[in-house]
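Numbering (UniProt numbering), first residue to last: 1 to 1110.
Next comes the structure, spelled out in structure tokens:
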């Protein structure tokens, strides 16, 4: 698909489009039947031309929030939003409640109603150009009446309009050569949009009205320039014409419409779509002197007449007034930001993939997808049907409209789908495997296909085997899900050659046409359905007739069996031969054997991530992206074992003791930073690597002085000594500087306490000291971007991008211009270290931590946690990409230091026996973390003291930030309770957890075993199975041939070392004073505590400085 301009690319795209359409037909039989029935009485099967779609449109049965459900029972994220009319999503409770109440009072009243004036007041307040307003039933009607009103006022006949303008079914334009026969019979003058030079000569005193959309919506989400609109304003005034802004769509971009955003005031404005709250609506209004033509009392004559039975119908007026309270500057700004992100990151994805034939345009919450090239129509349709397959609906022509129910998580879902679409190449991507691995994998694949006598034996599809792929995908029930990334077996149409290329049949990523079941509701198919899946053709043939088609299939079946047997025989022979050769080759690597010579080691820590975190995130991702149940996380595909996590002082470890086990390979007490129970330092794998000539790095999303990174590059008796940790990380260390690259947060520990943003206890400026020690310093997004992905990085490098922690991913993505992501920092660090070691005999060691998974667990915040785990999964995938592309052998090992929160993917809410379920859709509705929500609330409460306004703000905040529309009075009161004995963050998090039915047993850690992952179990053979966490530390040192015990000896030989002693020849009397104050004899460093009836915790409560006890 990447070469869509070539003939072969066109052919491949056409084949894939055929397959997607065939799959669409197979999966939506009820919609198809409904369409066929509708065609018997409705031209084209509907009464809205934009909904016409080949082979048939989906029939929508219901909608809720941001989702719609088809007649076939399939759920989709709705990004059409009724072509911008559905701004509020579906079935919004505020609107539903208001309409239900109106229903009880009577309808079709035939008189003036109170809501009519209320709505007019709302619109006149929102749009200052509207001094008087009248209602109708659609945007088309509004523009029709606005034109007539302007021409009546000016006494002229001509109307200036613009190419590609759409003002309704009877007022639409393409070019001068393409006239809509349905257009009203006005004297239209057609001008070029956004072209002052071409438009200026057309405006004279014959023009009565100028009608323009500030952004052409149907014309491809093409916004006007402010300068062009101002030119029209000035020209209309000079010519005595009336300027009409069609803001039927664009009024959603700003509380005052685009006219307010750009400061250009029209004479008349037309409105429609969303303002009616989901009911038929239109409005036109403007200057009082113009609109008073409809007021007989104002001009002393009958004036203009404007009637319409349903202009002020009860339902529309009621719904519109109720919906108006949902439209605020903040709510519109939020979805505009979502649209901006979708547009910007969508373009980044296609540009990065050099996929020039798709682009994203528009303004704010409206996005247009544009397709170029000779095959643009096929590309457009392929993209549309591919998104449908991923559970996403957009307008087939490329129309995308966001609504207030959309969240960052749903935008992420679309972006991942875009990435999946452009990543699909013209042919399968090749996995880098050794020949024996390829043969073994292929043989295992063929041997695990169910031998159903009604199904041809599978033969891989690729030109290397002389086999052609048919246009539709097979049922996933035919192929074992373990090998779902391999191209589906197809029928043989050419003889099998003697040699074949296994690379050609081992697909690395899920292909565009990956196998999927034709029905989510049944795993059993009748013979006709199977045949339809295999042939892509309708199956209405009589079972008694056996013509050429039947015997052709018999022949293909027989040939497929023979060909498959040949492949299997060749595979077995080849495997035996290569195995014999491998056994004879004493230099070939075996499981557990390390590469010789230069190598890299990448160690990742998913702080606080337990097995349930993976379960919850996997299900969340499958739900939000509409993925099948066997589509798992990257991490899921690399699990090799588990780790036991206890420390020397407790069965429940903290991060410090856990990281000490990784860095030193030794058990220690909770709170210890690479210090043993006897308060002596232990050498770390990073220090040993540095001394052995390796480059080293630390990348985190918390403070760079937090427990995990600290344990690799510093030694203190207690993790709270972060000022001292910072000093050691920049080189005030017995071994000198041991870290070449540090990226993360925690800037406050490096700034003197006389500086804003400092949290140090002294006035030392560690940033200036670091610079004197040779560090290149970064502190913002711009300086990070200047590294050019690491290509322009110079070591040593210190990047501190936040005062404390980098925000949770769910919040950070809205501040992408401020903070880099974990994936971005990972890719940059790997590139920088790889370049720095390009000419070295040694590689590098780096520790990368997904730090804030732990913080989400401490806060019991499931929405924050799933997004943190997804961010970690992306970083893990980035490392795999690096290892695959880099020339130096290397390995990735990943594990957690502990589990946090006692997370459970279930929760009993009531006394009666519970239902077996949890609801990921609740998490998808949240766009912010409980941490962010609490800060927003506290900021508001600091300035607003009126209780009624506080309550209103809390309810609005819950809707906007968490998607919670049914908050109880008790929940609101708890959030406003100043005497609450715990953080309000916990209340926000519990509001989400209860609705999602996610359970937590603690705000601290638990003692559960955690998973171990690796890029290859063969390279990390020693960690396969269940391990002590110290085994992980031992493996890291062993893989790099490092002696951490030697480093320990050197550190202990520096008992009387200190930075001050080195600089100022100060005498040190106490051994290891550089480790900070010892803990005291009454604190347990070894052995377990016992039960105490007073329920009091004995020992030290270690405060990390972030509000949590770790």
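Think of the CB as a built atom: it goes at the ideal place given N, C-alpha and C, for glycine as much as any other residue.
Given residue i, which residues of its chain have a CB within under 6 Å of its CB, disregarding the five upstream and five downstream residues?
| i | result |
| --- | --- |
| residue 525 | In this prediction, residue 525 has a pLDDT of 35, which is less than 50 and means its spatial position is unreliable; what the coordinates show is noted afterwards. If we look at residue 525 and ignore the five residues flanking it on each side, it has no Cβ neighbours. |
| residue 10 | 375 |
| residue 418 | 346 and 349 |
| residue 260 | 254 |
Starting from residue i, trace the alpha helix (DSSP H) in both directions and tell me its first and last residue.
| i | result |
| --- | --- |
| residue 63 | Not the alpha helix (DSSP H): residue 63 falls in the beta strand (DSSP E), residues 60 to 64. |
| residue 32 | 29 to 38 |
| residue 970 | 969 to 975 |
| residue 775 | No alpha helix (DSSP H) holds residue 775; DSSP gives it neither H nor E. |
| residue 1028 | Careful: residue 1028 lies outside any alpha helix (DSSP H), inside the beta strand (DSSP E) at 1025 to 1028. |
| residue 963 | Per DSSP, residue 963 belongs to no alpha helix (DSSP H) and is neither H nor E. |
With a CB to CB cut of under 8 Å and the five nearest residues on each side skipped, what residues in its chain are close to residue i?
| i | result |
| --- | --- |
| residue 644 | 1009, 1026, 1027, 1028 and 1029 |
| residue 617 | 633, 865, 866, 869, 870 and 873 |
| residue 1076 | 716, 717, 718, 721 and 724 |
| residue 1088 | 649, 650 and 651 |
| residue 17 | 378, 381, 382 and 385 |
| residue 107 | 313, 314 and 315 |
| residue 347 | 359 and 360 |
| residue 109 | 314 |
Among the options, which one has its Cα closest to the Cα of residue i?
| i | options | result |
| --- | --- | --- |
| residue 778 | 763, 805 and 742 | 742 |
| residue 600 | 315, 685, 11 and 68 | 685 |
| residue 410 | 1032, 935 and 923 | 923 |
| residue 319 | 93, 706 and 630 | 93 |
| residue 731 | 382, 747, 713 and 673 | 713 |
| residue 205 | 154, 970 and 986 | 154 |
| residue 194 | 161, 185, 992 and 171 | 161 |
| residue 1052 | 674, 135 and 917 | 674 |
| residue 1033 | 664, 824 and 963 | 664 |
| residue 402 | 79, 928 and 609 | 79 |
| residue 191 | 173, 181, 208 and 184 | 173 |
| residue 1003 | 885, 985 and 860 | 860 |
| residue 765 | 341, 891 and 754 | 754 |
| residue 64 | 406, 323 and 224 | 406 |
| residue 113 | 704, 341, 321 and 350 | 321 |
| residue 833 | 210, 740, 157 and 61 | 740 |
For residue i, I'd like the list of residues in its chain whose CB is within less than 7 Å of its CB, leaving aside the five on either flank, ordered along the chain.
| i | result |
| --- | --- |
| residue 1067 | Any reading at residue 1067 needs caution, since the residue's pLDDT is 46, under 50, leaving its predicted position unreliable; the model's value is listed next. Closer than 7 Å at Cβ, skipping near neighbours: no residue. |
| residue 826 | 699, 848, 875, 878 and 879 |
| residue 815 | 807 |
| residue 770 | 730, 777 and 798 |
| residue 279 | 315, 316 and 319 |
| residue 831 | 789, 790 and 791 |
| residue 689 | 696, 845, 1040 and 1042 |
| residue 14 | 378 |
Quick one: measure Cβ to Cβ for residue i and residue j, integer angstroms, because I've assumed they're closer than 8 Å.
| i | j | result |
| --- | --- | --- |
| residue 595 | residue 889 | 4 Å |
| residue 147 | residue 285 | Not really, about 14 Å apart at Cβ, beyond 8 Å. |
| residue 607 | residue 904 | Not a contact, Cβ separation roughly 19 Å. |
| residue 997 | residue 909 | 7 Å |
| residue 246 | residue 167 | 5 Å |
| residue 228 | residue 365 | 22 Å between Cβ atoms; not a contact. |
| residue 655 | residue 726 | Their Cβ separation, rounded to whole angstroms, is 17 Å, which puts residue 655 and residue 726 out of contact at 8 Å. |
| residue 639 | residue 1011 | 5 Å |
| residue 256 | residue 128 | 7 Å |
Beta strand (DSSP E) containing residue i: first to last residue?
| i | result |
| --- | --- |
| residue 845 | 844 to 849 |
| residue 764 | Here residue 764 belongs to no beta strand (DSSP E), and DSSP marks it neither H nor E. |
| residue 643 | 639 to 644 |
| residue 209 | 207 to 212 |
| residue 370 | 366 to 371 |
Whole runs of the alpha helix (DSSP H) within the stretch 385 to 429, excluding any shorter than 4 residues: Entirely contained in the stretch 385 to 429, the alpha helix (DSSP H) runs reaching 4 residues are, in chain order, 408 to 423.
Beta strand (DSSP E) segments (min. 3 residues) lying fully within the stretch 275 to 311: Taking only runs of at least 3 residues, the beta strand (DSSP E) segments lying wholly in the stretch 275 to 311 are 282 to 286.
Length at least 4, wholly inside the stretch 53 to 103: the alpha helix (DSSP H) runs in chain order: Counting only runs of at least 4 residues, the stretch 53 to 103 fully encloses the following alpha helix (DSSP H) elements, listed from N- to C-terminal order: 93 to 103.
Alpha helix (DSSP H) runs contained entirely in the stretch 793 to 843, provided each spans 4 or more residues: 809 to 812 and 822 to 836
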